[in-house]
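Trainee:
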Amino acid sequence: MPYIVLLDQAKAAFPQYDFINALTPSEQKAAFHVLDQVGQHLCLKIIAPHYDIDRLHREIAALQSLDHPNIAKLKEYTYSSKPGQLKYFIVEEFVEGEDLSTRLGAPWPRPEIARLFGELCQGLEAARKLRIVHRDLKPSNIRVKPDGTPVIIDFGVARHLDLPDITDTGQGAAIGTPLYFSPEQFMGTKRDIDHRTDLFAVGILLYQALVAQHPFVEPGVTLHDSICFSNGYQTNASFISIPNTWRLLINKLLAKDRGSRPHSAAQVAAILQRIGGD
Amino acid sequence: MRRGAWHQCGDRSQKLVIEQLQHNAGVGVIISPRDLAYEKAVAYSQEYRQLGADVLIDLQFCYPEFTNPKLDTYATSQYRTSISQLHQISDADLLAFMCELRTEVSQLATSAIIAPAVTYESGRPDIVQLNAKLFSAAREVAYELNLPIYATAILGQSVTSSQQTTDTCLSDVTSLDADGWYFGFEFSHQERIPSVQESVLRCCVAGLRLVTTGKPVLHAYAGPMSLLSFAFGATAVGIGHWQNLWQFTPGRWEAPEVQGGGGAAPPRYFSSQLWGTIIFPDELTQIPQPLREQILASNSPFSPANLTIPWPRWTANKHLVYCLCSQAAQMAQITPAQTNAAGAISILQDAVNLHQSISNHLTLADNTAAYQSNWINALNPHFSPLFSLR
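First to last, the protein sequences are chains A and B.
Quick note: the first sequence uses the numbering used here, first residue -18, plus one each step.
Quick note: the second sequence uses the numbering used here, first residue 1059, plus one each step.
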């Protein structure tokens, strides 16, 4: 269930902002596009009260140290001690542009794919260096600016690998969006989640950009079985027709065992730069 | 990580290493605290560095509860305890451990830090967690000292006994944010040098998987298997005078009951042409002159003068180490692993042919001809195609 905060309620709680519109809420946060007093476009996220705030503080602290052009900047994290008020909120850079999802309907030119995904991987590498895993990388969490720069948004279910988990997920790793889950998110434990989990999602997105189809949506096969056990996508005629180097990269990114995937997003970025428009 | 041969200490070989470095054999030294008191280690480190070598220290937490008087001279040794107790180390103790580690690596002036780690065993997530904890601590120290941090990936027999367990373990290992890998692979203890093709291939594939992370791999405790290390793309190899360096049984860490070990057994001559040993001089004297010359061909300064003069065991050790270092140095100059794989196959094929010629005259003891052809079989049809996946 998404965490809903009515627009009027939000306006009353945050009079310092001009509200432009409500954005799609998640289970953890209600989100609004706002303007601050100097006219800066921002994204205000009001955090649902049922989250462990101590853990949240620690993870927010890690996210605050992320400063990269391909990651939405966390501007402010505040909580109010006034009783009865909406307590916890974060303010992020509002990224103008469109979701990556708007571009996935048809295949794009490969040089453009190489550039955009290369930059995306540079953002992920910056997170990896801080031991942060996004865990919910999907088209709607990647904004593409008018100048073509991809920006990763919504580290809402991100995990700092050196800290306890932000959310109470028990033993499981199943947090995120199933369509972009990795096998370890379906089957593993939290211990199995690392930066290569995000690389699996990159593999799915890259496949979608090249083939304009999801690699694991197969008729008669559950998403779980397809992601965890099937390599049926490899026989897709459109996939077979793309150059070998791209296929090789996708196969590595979509390896079921995270140990067989590229070791880092930087490695993927370097490969993309090398294969460029092949 | 410097490319080439690194001397793997651990069995009273500190002076042997100095002699090797004086003969330009080896680019680095991995100090073992197990047989060298801390103060002496600091002095030896300086001496090694003056001879142009890089220095590392392997704290050998493989069996963390093991201790001896030499180890006790290292401040980090106070944290040697059972795996379960180490797992419960408090934040304060971990911080203290980091301080001691910082002092030790600073005084030894190491070129990187090898993160302490317990031998990985199959079905032991507690070991994975413990090693991740120790790695994080060592990484903090490395960052502070601006040194590279190498994750220790010593895979015990329960891991290396199947491809699946090896893969699972490597998935865990490679989640560590390391600047390089200190890789060891344990084989069955039945043999001095592993001959089972499947196991050898598994070792090479495991090494290759670490190589594909883009970080340098030091194949620790490689010994004669260093011929294969460069074939899978390793940057460096650990070489010592033991042929079965790769064994990580707890007994290995105990002091030998009898000084010297091995009794009055004659020395073994390591022949690069055989890529193996032959008993000196007993077996050599039974071989016709032309073949013998082939076997003895060597540029080692530690080669025996002739078959009639007794050859001391320690000189035989020096000769072995020099030959392995020499070959490693040659392979280290070649960067495509595929070329090194082809080179290794060629050396091994020549060795197989030579062994066949010898077999017309004599059956060598020690089963020393048992592995070369299997190493070729591991490398040749299976391994080369893997490089196309890199």
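By construction, the Cβ of each residue, glycine as well, lies at the ideal position given by its N, Cα and C atoms.
Bear in mind that the values here come from a model prediction, so they are computed numbers and not experimental data.
(1) Could you confirm whether any beta carbon from chain B is found closer than 8 Å to the beta carbon of A/Arg112?
(2) Terminal residues of the continuous alpha helix (DSSP H) containing B/Thr1224?
(3) Report yes or no: is there a C-beta of chain A within less than 8 Å of the C-beta of B/Leu1188?
(4) Nearest by alpha-carbon distance to A/Ile174: which of B/Leu1234, B/Leu1259, B/Ala1095 and B/Pro1325 is it?
(5) Just to confirm my understanding: we take B/Ala1423, look at its own chain, exclude 5 residues before and 5 after, and list those with CB closer than 8 Å. What are they?
(6) Please confirm whether A/Gly257 has its beta-carbon closer than 8 Å to some beta-carbon of chain B.
(7) Determine the closest residue to B/Gln1165 out of B/Lys1098, B/Trp1372, B/Gln1344 and B/Thr1177, with distance taken between C-alpha atoms.
(8) Determine the chain B residues that contact A/Gly240 at a beta-carbon separation under 7 Å, and present them in chain order.
(9) So what does DSSP say about B/Gln1452, is it helix, strand or coil?
(10) Under the three-state reduction of DSSP, which class applies to A/Glu77: helix, strand or coil?
(11) Leaving out five residues on either side along the sequence, give the residues of the same chain with a beta carbon under 7 Å from the beta carbon of A/Trp89.
(12) Distance check for B/Ala1175 and B/Leu1153, CA to CA, integer angstroms please.
(13) So, at 6 Å on beta carbons, what are the nonlocal neighbours of B/Val1075 in its own chain, with the 5 sequence-adjacent residues on each side left out?
(14) Using a C-beta cutoff of 8 Å, does A/Gly153 count as contacting chain B?
(15) Which residues of chain A have a Cβ atom closer than 9 Å to the Cβ of B/Pro1183, listed in chain order?
(16) State the DSSP-derived secondary structure class of A/Ala246, mapped to helix, strand or coil.
(17) Between A/Arg177 and B/Ala1264, what straight-line distance do the alpha-carbon atoms span, to the nearest angstrom?
(18) Between which two residues does the alpha helix (DSSP H) carrying A/Lys(-8) extend?
(19) Would the beta-carbon of B/Ala1292 fall within 8 Å of that of B/Gln1331?
(20) Kindly confirm or deny that the stretch 1246 to 1261 of chain B and the stretch 225 to 243 of chain A touch, where touching means at least three C-beta pairs closer than 8 Å.
(21) Please classify B/Thr1210: does DSSP put it in a helix, a strand, or coil?
(22) Measuring only the C-alpha atoms, how far is B/Pro1206 from B/Leu1268?
(23) A/Pro224 to A/His195, Cα distance in whole Å?
(24) Looking at chain A, which residues of the stretch 1135 to 1161 of chain B have a Cβ within less than 7 Å of any of its Cβ atoms?
(25) What residues from chain B crowd round A/His115, counting only those whose CB sits closer than 7 Å?
(26) Which whole-angstrom value is the C-beta distance of B/Ala1111 and B/Phe1155, which I expect to be below 8 Å?
(27) Does any C-beta atom of chain B lie closer than 8 Å to the C-beta of A/Asp175?
(28) Considering Cα atoms alone, identify which of A/Ala12, A/Glu8, A/Gln(-3) and A/Asp206 is closest to A/Leu(-13).
(29) Could you check if A/Glu57 is buried or exposed, using at least 16 other CB atoms within 10 Å of its CB as the buried criterion?
(30) What residue ranges within the stretch 1413 to 1441 of chain B form continuous alpha helix (DSSP H) runs of no fewer than 4 residues, ordered along the chain?
(31) Could one say the Cβ of A/His49 lies closer than 8 Å to chain B's Cβ atoms, at least one of them?
(32) Have a look at B/His1413, B/Gly1298 and B/Val1113 and flag the residue whose alpha-carbon is nearest the alpha-carbon of B/Arg1350.
(33) In whole angstroms, give me the CA-to-CA distance for A/His31 and B/Lys1273.
(34) Looking only at its chain, what residues have a beta carbon closer than 6 Å to the beta carbon of B/Ala1280, apart from the 5 residues adjacent to it on each side?
(35) What are the boundary residues of the beta strand (DSSP E) that includes A/Arg109?
(36) Strictly under 8 Å for the Cβ-Cβ distance: is A/Gln254 near chain B by that measure?
Mentor: According to the structure shown:
(1) The sequence position of residue 112 of chain A within the first sequence is 131, counting from 1. It does; some Cβ of chain B falls within 8 Å.
(2) Your numbering for residue 1224 of chain B matches position 166 in the second sequence. Start and end: Gln1221 to Val1231.
(3) Here residue 1188 of chain B corresponds to residue number 130 of the second sequence, with the count starting at 1. Judged by the 8 Å Cβ criterion, B/Leu1188 is not in contact with chain A.
(4) Taking the first residue of the first sequence as position 1, residue 174 of chain A is located at position 193. The shortest Cα separation from A/Ile174 among B/Leu1234, B/Leu1259, B/Ala1095 and B/Pro1325 belongs to B/Leu1234.
(5) Reading the second sequence from its first residue, position 365 is the one you call residue 1423 of chain B. The residues are Ile1337 and Glu1341.
(6) Along the first sequence, one-based indexing puts residue 257 of chain A at 276. It does not; no Cβ of chain B falls within 8 Å.
(7) Taking the first residue of the second sequence as position 1, residue 1165 of chain B is located at position 107. The residue with the shortest Cα to Cα distance from B/Gln1165 is B/Lys1098.
(8) Numbered from 1 along the first sequence, position 259 holds the residue referred to as residue 240 of chain A. Residues of chain B passing the Cβ test: Asp1225, Leu1228, Ser1229, Thr1232 and Arg1267.
(9) Not covered by the structure: residue 1452 of chain B. The range shown for chain B is 1059 to 1448.
(10) The residue you call residue 77 of chain A lines up with position 96 of the first sequence. A/Glu77 falls in the coil class under three-state DSSP.
(11) Within the first sequence, residue 89 of chain A is the residue found at index 108, counting from 1. The answer, listed in chain order, is Ala190.
(12) On the second sequence, position 95 is the one that residue 1153 of chain B refers to. On the second sequence, position 117 is the one that residue 1175 of chain B refers to. Distance between the alpha carbons of B/Leu1153 and B/Ala1175 is about 17 Å.
(13) Locating residue 1075 of chain B in the second sequence gives position 17, counting from the first residue. Excluding residues within five positions, the ones whose Cβ falls inside 6 Å are His1065 and Val1087.
(14) Counting from one through the first sequence, the residue named residue 153 of chain A turns up at place 172. A caution first: A/Gly153 carries a pLDDT of 45, below 50, which makes its placement in the model too unreliable to give a value.
(15) If you number the second sequence from 1, residue 1183 of chain B lands on position 125. What B/Pro1183 touches in chain A: Thr170 and Arg172.
(16) As a first step, residue 246 of chain A is located in the first sequence; it is residue number 265 there, counting from the start. Reduced to three states, the DSSP call for A/Ala246 is helix.
(17) The residue given as residue 177 of chain A occupies position 196 in the first sequence. The residue given as residue 1264 of chain B occupies position 206 in the second sequence. Rounded to whole angstroms, A/Arg177 to B/Ala1264 spans 18 Å at the Cα level.
(18) Position 11 of the first sequence, counting from 1, holds the residue named residue -8 of chain A. Segment Leu(-12) to Ala(-6), the alpha helix (DSSP H) holding A/Lys(-8).
(19) Against the second sequence, residue 1292 of chain B aligns to sequence position 234. Against the second sequence, residue 1331 of chain B aligns to sequence position 273. No; because the gap between Cβ atoms is not below 8 Å, this pair is not in contact.
(20) no
(21) Against the second sequence, residue 1210 of chain B aligns to sequence position 152. If DSSP states are grouped into helix, strand and coil, B/Thr1210 belongs with the strands.
(22) As a first step, residue 1206 of chain B is located in the second sequence; it is residue number 148 there, counting from the start. As a first step, residue 1268 of chain B is located in the second sequence; it is residue number 210 there, counting from the start. Going by the C-alpha atoms only, they are around 16 Å apart.
(23) Against the first sequence, residue 224 of chain A aligns to sequence position 243. Against the first sequence, residue 195 of chain A aligns to sequence position 214. Looking at the two C-alpha atoms, the distance is approximately 18 Å.
(24) none
(25) Within the first sequence, the letter at position 134 stands for residue 115 of chain A. Neighbours of A/His115 on chain B: none; closest Cβ ~15 Å, over 7 Å.
(26) Against the second sequence, residue 1111 of chain B aligns to sequence position 53. Against the second sequence, residue 1155 of chain B aligns to sequence position 97. About 27 Å separates the two Cβ atoms, so there is no contact after all.
(27) Numbered from 1 along the first sequence, position 194 holds the residue referred to as residue 175 of chain A. Yes, its Cβ sits closer than 8 Å to a Cβ of chain B.
(28) By 1-based counting over the first sequence, the position of residue -13 of chain A is 6. Minimum Cα distance to A/Leu(-13) is reached at A/Ala12.
(29) Counting from one through the first sequence, the residue named residue 57 of chain A turns up at place 76. Classification of A/Glu57: exposed, given that the 10 Å Cβ count is below 16.
(30) 1430 to 1441
(31) Here the question's residue 49 of chain A lines up with position 68 in the first sequence. Not one chain B Cβ lies under 8 Å of A/His49.
(32) Position 292 of the second sequence, counted from the start, is the residue given in the question as residue 1350 of chain B. Here the closest residue by C-alpha is B/His1413.
(33) The residue given as residue 31 of chain A occupies position 50 in the first sequence. The residue given as residue 1273 of chain B occupies position 215 in the second sequence. Taking the straight line from one Cα to the other gives about 42 Å.
(34) For the purposes of this step, residue 1280 of chain B is taken as residue 222 along the second sequence, with counting starting at 1. Same-chain partners within the cutoff: Ser1287, Val1295 and Gly1296.
(35) On the first sequence, position 128 is the one that residue 109 of chain A refers to. No beta strand (DSSP E) holds A/Arg109; the alpha helix (DSSP H) holding it covers Arg91 to Lys110.
(36) Taking the first sequence and counting its residues from 1, the one referred to as residue 254 of chain A is at position 273. No, A/Gln254 does not count as interfacial toward chain B.
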